[in-house]
Amino acid sequence: MKNTYHDLVAQTFDFPQDGFSLRNNRLLFNEIDVYELIKKYGTPLKLTYLPKIGEKIQTARKLFRDAIQRHNYNGKYIYCYCTKSSHFSFILNEV
Numbered sequence: 001m002k003n004t005y006h007d008l009v010a011q012t013f014d015f016p017q018d019g020f021s022l023r024n025n026r027l028l029f030n031e032i033d034v035y036e037l038i039k040k041y042g043t044p045l046k047l048t049y050l051p052k053i054g055e056k057i058q059t060a061r062k063l064f065r066d067a068i069q070r071h072n073y074n075g076k077y078i079y080c081y082c083t084k085s086s087h088f089s090f091i092l093n094e095v
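Note that the sequence shown covers residues 1 to 95 in our numbering.
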């Protein structure tokens, strides 16, 4: 039986997920050492990665654009972002 947290994660989740990797037993998020961030800023720690937000927005827009064309939808489509999920100006500028 495996008892480490790493083993639990490996057995429970698809890991590493996109953007995460392990190198020299250190967790990296988009090549940034998470442990170094924790040492500097403490925990809990919330990471916001703007390129991923922009990528997800473009994916959503493409999915809607494709569906609108495929179903000959003639109505309006308005993209909205839930500001409750993040109200920081740098996030809203990306959106």
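Ideal Cβ positions, reconstructed from N, Cα and C, are used throughout, including at glycine. These numbers come from a predicted model, not from an experiment.
- The C-alpha of E31 lies about 42 Å from the C-alpha of N72.
- In the three-state scheme derived from DSSP, where H, G and I count as helix and E and B as strand, D33 is classed as strand.
- The residue among Y79, V9, K52 with its C-alpha nearest the C-alpha of D18 is K52.
- A direct Cα-to-Cα measurement between A60 and A67 gives close to 11 Å.
- The beta carbon of F64 sits closer than 7 Å to the beta carbons of Y77 from its chain, once the five residues preceding and following it are set aside; these are given in chain order.
- Annotation for L8: the continuous alpha helix (DSSP H) segment containing it runs 5 to 12.
- In this structure, L47 lies near F29, with their beta-carbon atoms less than 8 Å apart.
- Scanning its chain for C-beta atoms nearer than 6 Å, with the 5 sequence neighbours on each side dropped, one finds around S21 the residues L28, in chain order.
- F64 is not bridged by DSSP to any residue.
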